[in-house]
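Encoded as structure tokens, the structure appears first; notes follow it.
In structure tokens, the structure reads:
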């Protein structure tokens with residue numbers, strides 16, 4: 016008896032930037048048929064050189080079984096999933112939409128409810144792990160929405176994530192991501208403060224880093240960004256501007272809930288200082304330059 020192999024669902028992918036492009040390539044490696052749309056026409060032309068099927072409008076990606084988006088901010092996502100001028104009117108009932116951008120939880124809830132009225136399933140599924148995680152297909156993915164939709168989407172999500180967490184109801188993926196970014200920002204701040212003190216006393220920063228790695232102070236941030244701080248490497252795996260955007264979302268959510276988060280307020284102010292010095296496009300480890308300025312160290 017011949018067993019017919021079930022065809023993989025088709026995917027429309029919106030957003031082919033630093034995160035989106037490696038995710039698209041990982042989907043293709045897994046055998047998915049992918050059509051890609053990007054808001055920037057220059058990116059669309061580059062995709063064709065990589066043998067990636069690119070289209071020049073949202074309607075052309077709407078007919079796929081899954082729609083995945085990963086865009087810079089809330090405004091971009093709201094523009095794409097707009098009932099009047101976006102993709103919504105072209106989507107068919109039964110389509111599964113997965114937005115993997117980091118946006119406000121209230122916006123994710125509104126978009127999801129609007130799509131559900133059209134019998135379109137929706138998950139908010141922001142990611143953590145940066146460009147490196149996207150390249151290596153080991154992103155952490157935090158998911159909000161209906162559990163049944165989450166289960167139906169796992170085969171797709173496994174193409175670029177290893178740690179896939181069902182966080183709960185619609186919008187909860189974004190809440191988990193905000194919490195993640197609060198800790199990321201605070202960990203970077205703590206590392207910069209430790210290095211600033213050691214440096215002021217003439218200590219060996221490389222030796223300090225190795226010492227911290229072996230004890231309770233160890234963290235993903237120290238392991239992955241410690242050397243960048245020591246070597247003053249400003250290259251962006253994740254930009255100051257994006258980290259600042261995420262921290263702002265967390266601050267707004269905290270205000271909505273009446274939850275005082277003084278640590279978040281401090282690290283947000285420090286990132287604003289970095290952006291004020293034209294460091295928005297630098298990697299978020301560039302917070303060390305803020306401490307160099309405050310302590311008058313070079």
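In our numbering, the protein residues as written are 16 to 313.
A virtual CB, placed ideally from N, CA and C, is assigned to each residue, including glycine.
Cutoff 7 Å; reference residue i; Cβ partners in own chain excluding five residues on either side
i	result
residue 310	211, 215
residue 104	98
residue 147	252
residue 282	200, 201, 204, 262
residue 207	244, 302, 303, 306
residue 124	185, 186
residue 213	220, 223
residue 62	31, 51, 69
residue 160	127, 137, 138, 139, 185
residue 260	88
Alpha helix (DSSP H) segment containing residue i, residue limits
i	result
residue 183	From DSSP, residue 183 is part of no alpha helix (DSSP H) but of the beta strand (DSSP E) over 176 to 183.
residue 105	No alpha helix (DSSP H) holds residue 105; DSSP gives it neither H nor E.
residue 127	120 to 131
residue 27	Not the alpha helix (DSSP H): residue 27 falls in the beta strand (DSSP E), residues 26 to 29.
residue 94	89 to 95
residue 228	220 to 228
residue 60	56 to 64
residue 44	35 to 44
Cβ pair residue i, residue j closer than 8 Å
i	j	result
residue 224	residue 240	no
residue 67	residue 39	yes
residue 264	residue 193	yes
residue 85	residue 144	no
residue 30	residue 120	no
residue 255	residue 294	yes
residue 138	residue 165	yes
residue 89	residue 135	no
residue 168	residue 111	yes
residue 249	residue 297	yes
residue 279	residue 291	no
residue 91	residue 175	no
Residue range of the unbroken beta strand (DSSP E) whose run includes residue i
i	result
residue 249	Residue 249 -> no beta strand (DSSP E), and no H or E assigned at all.
residue 113	111 to 114
residue 86	Note, residue 86: premise wrong, no beta strand (DSSP E); not H, not E.
residue 138	136 to 139
residue 50	49 to 52
Beta-carbon proximity list for residue i, same chain, < 6 Å, skipping 5 on both sides
i	result
residue 47	23, 26
residue 28	39, 49, 51, 83
residue 191	157, 182
residue 80	24, 25
residue 140	113, 115, 156, 158, 188
residue 77	102, 105, 106
residue 142	115, 154, 156
residue 37	149, 150
Own chain partners of residue i with C-beta closer than 8 Å, once the 5 adjacent residues on each side are dropped
i	result
residue 5	With the chain covering only 16 through 313, there is no way to say anything about residue 5.
residue 266	276, 279, 280, 283
Can you give, in chain order, each stretch of the beta strand (DSSP E) that sits fully within the region 150 to 216 and has at least 3 residues? If you keep only unbroken beta strand (DSSP E) runs of at least 3 residues inside the region 150 to 216, you get 154 to 160, 176 to 183.
List, from N- to C-terminal side, the alpha helix (DSSP H) runs of 4 residues or more that fit wholly inside the region 241 to 307. If we require 4 residues or more, the alpha helix (DSSP H) runs fully inside the region 241 to 307 come out as 255 to 272, 277 to 291.
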